[in-house]
Amino acid sequence: MAEGAAHNTLATDGASRVLMIVGRAAGGIGAHAASLVRGLTAEGWQVVVATAPVTAARFDLGSHVEVVWPGLRPVAAWRALRRLRALASGAHIVHAQGHRAGLVALAMTAGSGRGTPPVVISWHNAILGSGILRRLRTLLERVQVRRADLVTGASQDLVDRAKSLGARRAELAEVAAPAAGRASLDRVSARAQLADELGIDPDGDWLLTVSRIAPQKNLDVLLSAARLAQDRPGGASERGVVWLVVGDGRDDLLASLRAMVAADATPVRFVGARSDVPTWMAAADLFVLPSAWEARALVVQEALAAGLPIVASAVGGLPELVGDAGELVPVGDPDELAEAVVGLLADPERRAVLAAAGKRRWAALPDEAAVLEEWTARYRSIV
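With the sequence shown counted from 1, adding 457 to any position gets you the working numbering.
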């Protein structure tokens with residue numbers, strides 16, 4: 458959106474209109490968008506969500522969902538952008554969730570002239586990679602932040618990056634903390650049920666990872682750490698440790714990871730996507746997340762709420778989120794990850810301190826109502 462262009466004025470009768478663009482989302486972005494749509498609609502805003510088919514199928518994005526997303530074929534992409542322009546014509550705000558959605562928002566509003574709604578782009582993750590691809594992505598990020606009326610980041614490092622690339626306005630926008638999930642069973646019952654289902658020792662040490670099966674999640678590092686932990690004094694081989702990975706994703710990557718487990722005979726189990734994550738957290742001893750990057754990961758917030766000590770990568774928004782509720786290790790370092798895990802398993806008093814700190818940190822996180830209030834204030838400030 459060019460500076461000085463006229464915007465539609467927000468309605469004063471509570472019927473202000475938002476076009477929210479959400480790309481192919483499988484996790485936190487989709488959950489955040491669904492939460493925001495739910496809150497805005499309850500307050501009388503008219504929200505239309507334009508999204509990809511997979512996202513529409515996975516998340517409850519309200520009653521006004523348009524399944525439209527530009528593909529790679531030129532004619533189909535042109536038709537999708539034309540439909541998106543029509544949806545934006547009566548909107549007061551266009552809010553893009555994610556980098557790709559931001560590019561789509563700018564493409565659909567390019568050359569629209571006066572009356573074009575302001576564009577908000579929310580970054581939820583960092584773009585990883587190197588070489589030519591990295592330089593191209595940086596160029597596209599620079600275009601986004603310089604044309605958007607507002608850029609928000611889910612963690613401070615994203616905000617700092619947007620500012621460094623020339624954003625006119627960039628702010629931290631925390632994602633609402635999930636409600637504290639209630640496990641259907643207590644710890645003893647949960648462990649007994651899951652141990653029976655998986656055929657594992659109910660009295661062993663259980664390490665839990667909840668994650669998409671995706672390269673960014675560094676699950677190969679997790680497997681290497683599991684192998685190293687077996688050989689540490691007081692480590693996995695002596696304590697009956699099992700590493701449990703909950704989540705689905707890329708089948709080819711999952712097959713590769715399972716081959717690594719078989720080759721090294723490590724005690725790691727991939728159990729697929731589960732709807733009863735609070736029960737798994739109730740049963741676990743530690744939560745482990747070795748990701749290459751995260752903002753304010755919802756699964757980490759769920760672990761805080763469950764009072765589950767955390768071992769995570771010192772990257773992105775994780776240090777500010779985990780704080781004194783866990784141990785942070787360098788990204789991509791399986792030796793340090795194994796050391797942190799083995800050390801905590803051998804120190805129940807330390808785990809109890811971290812668990813209490815986690816519950817305190819979760820209680821201080823913004824809830825859906827607080828995040829909604831912040832977003833409505835942002836919307837009104839740019840129109």
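Just so it is clear, CB atoms sit at the ideal spot from N, CA and C, and this is done for glycine as well.
- I589 carries a helical assignment under DSSP once its states are collapsed to helix, strand and coil.
- R726: member of the beta strand (DSSP E) spanning V725 to G729, first to last residue.
- Closest by C-alpha distance to H552, out of V698, T508, P672 and A682, is T508.
- Taking 4 residues as the shortest admissible run, the segment 518-555 contains the following complete alpha helix (DSSP H) segments, listed from N- to C-terminal end: 531-545.
- The shortest C-alpha to C-alpha distance from P575 to any of A562, L596, G764 and L585 is the one to A562.
- Between K674 and A583, the alpha-carbon positions lie close to 13 Å from each other.
- For L642, the secondary structure class from DSSP, reduced to helix, strand or coil, is coil.
- When secondary structure is reduced to three states using DSSP, G484 falls in the coil class, being assigned neither helix nor strand.
- By the neighbour-count definition (other C-beta atoms within 10 Å, threshold 16), L651 is a buried residue.
- In this structure, V479 sits away from V504, with a CB-CB distance that is not shorter than 8 Å.
- Put simply, the backbone Cα of A499 is about 14 Å away from that of A827.
- Comparing alpha carbon positions, the residue from A683, A633 and L597 closest to W663 is A683.
- Within the DSSP secondary-structure output, W663 pairs in a beta bridge with V699.
- Look at T833 here: in three-state DSSP terms it is helix.
- For L596, the secondary structure class from DSSP, reduced to helix, strand or coil, is helix.
- A straight-line Cα-Cα distance of about 51 Å links L655 and R542.
- The beta carbon of A812 is closer than 6 Å to those of G764 and P766 in its chain, skipping five residues each way along the sequence.
- In its chain, beyond the 5 residues on either side, L585, P672, Q673, K674, N675, S770, V772, V788 and G789 have a beta carbon closer than 8 Å to the beta carbon of A749.
- Judged by pairs of C-beta atoms under 8 Å, the segment 734-741 does not touch the segment 707-717, as fewer than three such pairs exist.
- The three-state reading of DSSP puts T609 in strand, counting E and B together.
- Closest in C-alpha terms to G559, from the list L785, A720, G704 and R594, comes R594.
- Minimum Cα-Cα distance from F516 among the listed residues A537, L622, A762 and S492 corresponds to S492.
- Annotation for Q613: L629, G774 and E777 place their beta carbon closer than 8 Å to its own, counting only its chain and skipping 5 residues before and after.
- With 16 or more other Cβ atoms inside 10 Å of its own Cβ, G555 counts as buried.
- S473 sits in coil when the DSSP states are folded into three classes, being neither helix nor strand.
- The beta-carbon separation of P791 and L685, rounded to 6 Å, stays under the 8 Å limit for a contact.
- Distance from the CA atom of D643 to the CA atom of W502, rounded to whole angstroms, is 41 Å.
- Per DSSP, the continuous alpha helix (DSSP H) segment holding G815 begins and ends at P805 to A821.
- Between the alpha carbons of G588 and R599 lies a distance of about 17 Å.
- For L607, the number of other beta carbons within 10 angstroms of its own is at least 16, and it is reported as buried.
- Here H521 really is in contact with V506; their C-beta atoms are around 7 Å apart, less than 8 Å.
- Going by C-alpha positions, S681 is about 28 Å away from A482.
- L794 sits away from P735, with the two beta carbons spaced by 8 Å or more.
- Secondary structure note for T512: it is in no beta strand (DSSP E), and the uninterrupted alpha helix (DSSP H) holding it is P510 to R515.
- DSSP places W737 inside the alpha helix (DSSP H), whose first and last residues are V734 to A740.
- Within the same chain, Cβ atoms closer than 8 Å to the Cβ of G623 are found at R599, V602 and R603, the five residues on either side in sequence being excluded.
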